[in-house]
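Step one of this worksheet: look at the structure below.
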Amino acid sequence: MDAIEKAIRNALEKGNAEDRAFREKVYRSAFAALDRALQANPGVTVEVAIKRRKAIQATITEIESEFLPAVPDVGLEVDAPAAEPAATAAPAIEIGGDQAPSPAVTVDSPAQPASDAPRSRVLPVVPDIMPDATLAGVPAIDMSAPAASGAATEVAPDRDERRIRGRRLPLTAIFFTVTLLAAIGIGVFFAIQTGVFKTAAQLDTAPPEAPPTVEGDDFTPADGANAPAKPGAADQSRNWINVFSPADPTHVAAPSDAKASVMKDDTGPFLRIQSGPSGSAIAFDVGQGVLEKLAGKHAVFDIIARAEEGKDTQISVDCNFGELGDCGRKRYAVGQQRNEYLFDVQFPNKHPGSAGTIAVNSDFDKQGKAVDIYEIRVSIEP
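Quick note: the UniProt record's numbering has the sequence shown finishing at residue 382, numbered continuously throughout.
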């Protein structure tokens, strides 16, 4: 016998248990005691509280079945005589908020012969026992002690199921939230597509301006050292060291698909170079003696060149100075007028160890355009 059943039976023994009204008061007292126990234990769960209530309901049903009067067997579907109304069992009563209806059964009339249909017993009717605040004359029942039948020792406060359902987010609120988020997402998408978040530079779709005369792939000097100079402008206050002259083309190397030819016109002698379809460059030697003079110095190189008549081009320049490093890739837009194309290099203070090269690609776009090289020279910055 568990603690709940024992407590109820002890209370029934203190009065007239045969009195239905007295039993109902005892049952109400049991539920009132459970409510007090639930309120005294605020840390328990809803599931445990429901389990405790159902345990009391089952115990009361079992106890109440002991007070049922003996009744004859009843058939499940036996028709009574028309003159005598059938007796039916009382409907089930609500206990602690749970409805447990008892099926209506028809009692066989004494005048009728016994039926061969299966028999069923009359279920006990649990009285209406809603807990009251005070029950005078009923023994007190202590429900604070834990049940010995293995039920959980912690009991959660009674929670109205309607209040629990009320906390759930309504379907309309969920629909509104999803719709709002979708609208925000669509708005952001269209804003990105229409350029709301783009900068002024990104929104500027005007045709690009003409490319600058000088382009550097790895750096942009602040003093315009890479800009083409007017003929003779770079000669002032500079001591130039010759790197290449058309008078000595032996220090020029052209790959198999490239061309290099010494030519002359009213502007003077020059070397016309033309890169091959592969974009191969023509290499100009920079002697080891020249590099030794440049070690540890800030040097400015000057390429005097022009494009072939009627064919403006873009050239690229790469350097390999051995132990002294390189100059990075340079790009220049070369027109049909003879100009000077400058770039500067800060050399480390070390021994070069060997000669170097300056490689010139006559047509960066690989369209077979040629360029005329008049001279390559270098000076040391003071």
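Note that CB positions come from ideal geometry on N, CA and C, so glycine has one too.
None of these values were measured; they are calculated from a predicted model.
The region 295-309 in contact with the region 252-266 per 3-pair CB rule at 8 Å: no
Would D363 be called buried (16 or more neighbouring beta carbons within 10 Å of its own) or exposed? What you label residue 363 is simply residue 363 of the sequence shown in a count that begins at 1. Burial call: buried.
Could you spell out where the beta strand (DSSP E) holding S29 opens and where it closes? Locating residue 29 in the sequence shown gives position 29, counting from the first residue. It is not in any beta strand (DSSP E) - S29 instead sits in the alpha helix (DSSP H) that spans R20 to A40.
Can P348 and G289 be called in contact, C-beta distance under 8 Å? Against the sequence shown, residue 348 aligns to sequence position 348. Against the sequence shown, residue 289 aligns to sequence position 289. It is not a contact, given that the beta carbons lie outside the stated cut-off.
If you compare alpha carbons, which of D265, D318 and S245 is closest to S280? For this step, residue 280 is matched to residue 280 along the sequence shown. Checking every option, the nearest Cα to that of S280 belongs to D318.
Quick check on G276: buried or exposed, where buried means 16 or more other Cβ atoms within 10 Å of its Cβ? Along the sequence shown, one-based indexing puts residue 276 at 276. It counts as buried.
In the DSSP assignment, the beta strand (DSSP E) including E375 goes from what residue to what residue? Position 375 of the sequence shown holds residue 375. Where E375 is concerned, the enclosing beta strand (DSSP E) stretches over A370 to I380.
N- and C-terminal bounds of the beta strand (DSSP E) containing K293: Counting from one through the sequence shown, the residue named residue 293 turns up at place 293. Where K293 is concerned, there is no enclosing beta strand (DSSP E), although the alpha helix (DSSP H) it sits in stretches over Q288 to L294.
To the nearest angstrom, how far is the alpha carbon of G268 from that of Q367? On the sequence shown, position 268 is the one that residue 268 refers to. On the sequence shown, position 367 is the one that residue 367 refers to. Going by the C-alpha atoms only, they are around 26 Å apart.
Do V286 and A355 have their beta-carbon atoms positioned less than 8 Å apart in this structure? In the sequence shown, counting from the first residue as 1, residue 355 sits at position 355. In the sequence shown, counting from the first residue as 1, residue 286 sits at position 286. Closer than 8 Å, so yes.
Which value, in whole angstroms, describes the spacing of the CA atoms of G322 and D312? Counted from its first residue, the sequence shown places residue 322 at position 322. Counted from its first residue, the sequence shown places residue 312 at position 312. If you take the alpha carbons of G322 and D312, they lie about 32 Å apart.
Inter-residue Cα distance where the pair is E5 and V46: Here residue 5 corresponds to residue number 5 of the sequence shown, with the count starting at 1. Here residue 46 corresponds to residue number 46 of the sequence shown, with the count starting at 1. E5 and V46: Cα-Cα distance of roughly 22 Å.
Could you name the residues that DSSP lists as bridge partners for F284? As a working note, residue 284 is residue 284 in the sequence shown. For F284, which the question treats as bridged, DSSP gives the partners V252 and I358.
What residue range is occupied by the uninterrupted alpha helix (DSSP H) comprising A17? Taking the first residue of the sequence shown as position 1, residue 17 is located at position 17. It is not in any alpha helix (DSSP H) - A17 carries neither H nor E in the DSSP assignment.
Please report how far the alpha carbon of R36 lies from the alpha carbon of I184, in whole angstroms. Walking along the sequence shown from the start, residue 36 turns up at place 36. Walking along the sequence shown from the start, residue 184 turns up at place 184. Distance between the alpha carbons of R36 and I184 is about 51 Å.
Nearest-angstrom Cα distance between A58 and P42? For the purposes of this step, residue 58 is taken as residue 58 along the sequence shown, with counting starting at 1. For the purposes of this step, residue 42 is taken as residue 42 along the sequence shown, with counting starting at 1. Looking at the two C-alpha atoms, the distance is approximately 24 Å.
Thinking E375 and S245 are a contact (beta carbons under 8 Å), I'd like their distance in whole angstroms, please. By one-based count along the sequence shown, residue 375 stands at place 375. By one-based count along the sequence shown, residue 245 stands at place 245. Contact holds; Cβ gap of about 6 Å.
Given a cut-off of 8 Å on the beta-carbon distance, is the pair L34 and I60 in contact? Here residue 34 refers to the residue found at position 34 of the sequence shown. Here residue 60 refers to the residue found at position 60 of the sequence shown. Contact flag unset, no.
DSSP-derived helix/strand/coil call for V48: By one-based count along the sequence shown, residue 48 stands at place 48. Reduced to three states, the DSSP call for V48 is helix.
Selected residue, minimal CA-CA separation from Q346, among P382, V334, A359 and N339: Residue numbering aside, residue 346 sits at position 346 when the sequence shown is read from its first letter. Of the listed residues, the one whose Cα sits closest to Q346 is P382.
Nearest residue (CA-CA) to Q336, options V360, D372, I192 and K198: Against the sequence shown, residue 336 aligns to sequence position 336. Minimum Cα distance to Q336 is reached at D372.
When you compare only the Cα positions, how much space is there between L171 and L180? Against the sequence shown, residue 171 aligns to sequence position 171. Against the sequence shown, residue 180 aligns to sequence position 180. Between L171 and L180, the C-alpha separation is close to 14 Å.
Three-state secondary structure (DSSP) at F189? Within the sequence shown, numbered from 1, the residue matching residue 189 stands at position 189. Helix, per DSSP.
Check R331 in the structure and name its three-state DSSP category. The residue given as residue 331 occupies position 331 in the sequence shown. Strand.
Under 8 Å Cβ to Cβ from D359, same chain only, skipping five residues before and after it: list those, please. To locate residue 359, count along the sequence shown from 1; it is residue 359. A small fix is needed here, since residue 359 is Ala in this sequence, not Asp. Hits under 8 Å: A281, I282, A283, F284, V317, D318, C319 and N320.
Classify R377 as buried or exposed, calling it buried when 16 or more other Cβ atoms lie within 10 Å of its own Cβ. Position 377 of the sequence shown, counted from the first residue, corresponds to residue 377. The residue in question, R377, is buried, as its Cβ has 16 or more Cβ neighbours within 10 Å.
For L342, three-class secondary structure by DSSP: In the sequence shown, the residue the question calls residue 342 occupies position 342. Looking at L342 - three-state DSSP - the assignment turns out to be strand.
With 16 other CB atoms within 10 Å as the buried threshold, where does D132 fall? Counting from one through the sequence shown, the residue named residue 132 turns up at place 132. Annotation note: pLDDT 42 at D132 (below 50); position unreliable, coordinate value reported separately. By the 10 Å Cβ count, D132 comes out exposed.
Inspect the beta-carbon positions of V26 and A11 and report whether they are closer than 8 Å. The count along the sequence shown starts at 1 and reaches residue 26 at position 26. The count along the sequence shown starts at 1 and reaches residue 11 at position 11. Taking 8 Å as the Cβ cut-off, V26 and A11 qualify as a contacting pair.
Let's see if you can read the secondary structure: which residues bound the beta strand (DSSP E) around K259? Start at 1 with the first residue of the sequence shown, and residue 259 comes out as number 259. Per DSSP, K259 belongs to the beta strand (DSSP E) from K259 to D265.
Among A30, V334, G195 and D19, which has the Cα closest to the Cα of K54? Within the sequence shown, the letter at position 54 stands for residue 54. The candidate whose alpha carbon is nearest that of K54 is A30.
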